[in-house]
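Asks: Would you mind keeping the following structure in view while I ask a few things?
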Amino acid sequence: MIELRHLTKIFDNSTAVDAIDLIIKSGEFFGLLGPNGAGKTTTISMLSTLLLPSSGEILIDKELLSRKRQDLKQKISVITQEYSMRQDMDMDEIMEYQGRLYFIPVRKIRARTEELFAFAGLTEHRHKTIRKLSGGMKRKLMVCRALLTEPQILLLDEPTAGMDAISRRQMWNLLRQLNEQGITILLTTHYIEEAQSLCHRVALMNDGKLTDVDTPAHLIEKLGAFAVDELRPEGVRSRYFPGREQAIAYLSGIKGRCTLRDTTLEDVFVEQAGKHLS
Amino acid sequence: MGIITILWEKWREFVRDFSRITLAAMVAPLMYLIVFGWGIRTTMNGQPYLYFLIPGVVSLTTMNGSFNAIAQNLNVQRLYEKAFDQVIISPTPLWQFIAGQIIAGALRGLYAGGIILLLVFPIKTGLVFNFLSFIILFLNGAVFSSIGIVVSFLARNHADVPRFSNYFIMPMAYLCNTFFSTDNIPHGARELIAILPLSQTSRMIRGIASGVQTSLAGILFLLLYLTVCTGIALIFVYQKKNL
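Residue numbers (the working numbering), protein chains in the order written: chain A, 1 to 278; chain B, 1001 to 1243.
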């Protein structure tokens, strides 16, 4: 279980994360959504101890997380937004280095690397140095590296950034499988439709604060399960209704072009983010 | 265990860049020896100047070898590659990471110094480099590795490490009892230079090399520098809120 208690991060005079309270249950697939600059990466960075909180605390299985807590860090793997790897190493070296940092015996590192590379389709590229890899390959390698340590908690900060559609889909399937095996996953992503299908619960974040935490279905229900998009000269304006009948009634009064559809998590996201931006 | 991991990482780096590292370690000291030793032929205390020069150049080479092996590399890993994040996130105790870097840096310095000793070996100077010399050179390398760690942690951009090198390492290379005796430097400056780590190393290495009875109090100086810099590095990795 991950517990954030009044977690706050202040850089100079700006508050990046503002007194967040959140509990993520063991085995949960949890999404952290928000516009750029909302504080998602800062939150993940604090969970991975790259940044230390200005105030508040993080508990992993009810134990206080710090840079000194080897036992807690052993449970966590992180895929950062940036390619945090030595550019002069080859893929095998990256994996071995990671395994050694997690105290995994070398024989096991090599066996598991074989499996993971075969799974990710990286075997034939294993002797290439990192600087010669494409962005997508680097991402796959980061996933392999994170899974090498068999974590209980997986923190993913935009894990599919730079991946093509096929690789992205493979990645989502993999994450689903991992979660089914019991791994707790905390994910930030800009692919909200995928967060909707993957995550048990999501938190909407804006200006460092959590504005809502719920299941995707409840969040959609709160906004209104049906959406009417009305094409206006200034752009598309969406209105939300709890029932199909109300939506159709509204639709019948509109003269211009319009469409009726199901509301998505992206609508919830846009509405929440839009409110804060306006 | 974590120390072995860091030594493994540095060993891989050494194997990969063996020729570049070896050449880089050789060029500058070799130039000093050629220009000041063979080019400008002079004597010091009735002996060829080269005999005075070699211990100084070996000392400064271990300093440069160690500092350069750690400072720039760690700076790139922290600010550009973000590979340092991998270490922070991992369960490897951060003190072991620091210790591994210091030992690896000291060994790289020793390697660079060893190359110079091999190059001057055919000259038959009669200078003595014994086990104690190598302990002192290792310690000197450890001090400058720890300084390299601190500098790379304080650096805010890629230019900061070369800048520190220009302002502190290069003046030390020339002034700290390496190319000339500091006995004739005016009071104040002389004492200031004397407490710098390279001055202590050069003095001890030269004393041992020429067979003169020499005080080993400099080892305490080096240990003090090593303790202080390691302490700063540990505070940084454990306490600094934004790495």
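Backbone N, C-alpha and C define an ideal beta-carbon position, used for all residues, glycine too.
1) Let me know if Tyr-1174(B) comes out buried or exposed under the rule of 16 or more other beta-carbons within 10 Å of its beta-carbon.
2) Assuming Phe-1244(B) is part of the alpha helix (DSSP H), what are its boundary residues?
3) Counting Cβ pairs closer than 8 Å, one from the region 1146–1158 of chain B and one from the region 1227–1240 of chain B, do we hit at least three?
4) Under DSSP, the alpha helix (DSSP H) around Ala-146(A) begins and ends at which residues?
5) Can you tell which of Ile-1040(B), Val-1237(B), Asn-1242(B), Lys-1241(B) has the C-alpha that lies nearest to the C-alpha of Trp-1095(B)?
6) At 7 Å on the CB atoms, spell out the chain B contacts of Ser-48(A), in chain order.
7) Assign Ser-66(A) to one of three DSSP states: helix, strand, or coil.
8) Residue range of the alpha helix (DSSP H) that Ile-183(A) falls in?
9) Quick check: is the beta carbon of Gln-1086(B) nearer than 7 Å to any beta carbon in chain A?
10) Closer than 7 Å by C-beta to Arg-112(A): which residues in its own chain qualify, once you throw out the five before and the five after it? Chain order, please.
11) Evaluate Ser-278(A) with the Cβ neighbour count: other Cβ atoms within 10 Å of its Cβ, from every protein chain shown; 16 or more gives buried, anything less gives exposed.
12) What ranges does the beta strand (DSSP E) occupy inside the region 1089–1174 of chain B, keeping only unbroken runs of at least 3 residues that lie completely in it?
13) Report all residues from its chain with a CB closer than 8 Å to the CB of Leu-219(A); omit the five preceding and five following residues, and keep chain order.
14) Would you kindly report the start and end of the unbroken beta strand (DSSP E) that includes Asp-214(A)?
15) Could you tell me the alpha carbon to alpha carbon distance between Glu-180(A) and Arg-1020(B), rounded to whole angstroms?
16) Thinking just about the alpha-carbon of each residue, which of Gly-1100(B), Asn-1242(B), Ile-1006(B), Gln-1200(B) is nearest to the one in Ile-94(A)?
17) State buried or exposed for Ile-24(A), treating a residue as buried only when at least 16 other CB atoms are found within 10 Å of its CB.
18) So what's Val-1212(B) in DSSP terms, helix, strand or just coil?
19) Write down the C-beta distance between Thr-1062(B) and Gly-1113(B) rounded to the nearest angstrom, noting that I regard them as a contact closer than 8 Å.
20) Is Lys-1082(B) close to chain A, meaning its C-beta is less than 7 Å from at least one C-beta of that chain?
21) Cα separation between Val-1151(B) and Arg-1016(B)?
22) Using a Cβ cut-off of 9 Å, pull out every chain B residue sitting near Asp-12(A), in sequence order please.
23) So, with DSSP's three-state summary, where would you put Pro-159(A)?
Replies: For this structure:
1) Tyr-1174(B) comes out exposed.
2) The first residue shown for chain B is 1001 and the last is 1243, placing residue 1244(B) beyond what the model contains.
3) Result yes; three or more Cβ-Cβ pairs closer than 8 Å.
4) Ala-146(A) -> alpha helix (DSSP H) spans 135–148.
5) In terms of CA proximity to Trp-1095(B), Val-1237(B) leads the group Ile-1040(B), Val-1237(B), Asn-1242(B), Lys-1241(B).
6) Going along chain B in sequence order, the residues near Ser-48(A) (Cβ under 7 Å) are Ile-1089.
7) DSSP places Ser-66(A) outside both helix and strand once states are collapsed to three, so it counts as coil.
8) Where Ile-183(A) is concerned, there is no enclosing alpha helix (DSSP H), given that its DSSP letter is neither H nor E.
9) Chain A contact via Cβ: present.
10) Beyond the five residues adjoining it in sequence on each side, Arg-112(A) comes within less than 7 Å, by CB distance, of Leu-148 in the same chain, given in chain order.
11) Any reading at Ser-278(A) must be qualified, since the residue scores a pLDDT of 49, below 50, and its modelled position is unreliable; the value itself is stated next. Counting of Cβ neighbours within 10 angstroms places Ser-278(A) among the exposed residues, the total staying below 16.
12) Here no run is fully enclosed.
13) Excluding positions up to five away in sequence, the list reads Val-202, Leu-204, Asp-212, Leu-265, Val-268.
14) Boundaries of the beta strand (DSSP E) harbouring Asp-214(A): 209–214, taken from the DSSP string.
15) One C-alpha to the other measures close to 49 Å.
16) Taking only the C-alpha atoms, the option nearest Ile-94(A) is Ile-1006(B).
17) So Ile-24(A) counts as buried.
18) DSSP, read as helix, strand or coil, puts Val-1212(B) in coil.
19) Indeed, because the Cβ distance is near 4 Å, the residues count as touching under 8 Å.
20) Chain A contact via Cβ: present.
21) In this model, Val-1151(B) and Arg-1016(B) are separated by some 25 Å (Cα to Cα).
22) One finds nothing in chain B with a Cβ atom closer than 9 Å to the Cβ of Asp-12(A); even the nearest lies about 10 Å away.
23) Looking at Pro-159(A) - three-state DSSP - the assignment turns out to be coil, as it is neither helix nor strand.
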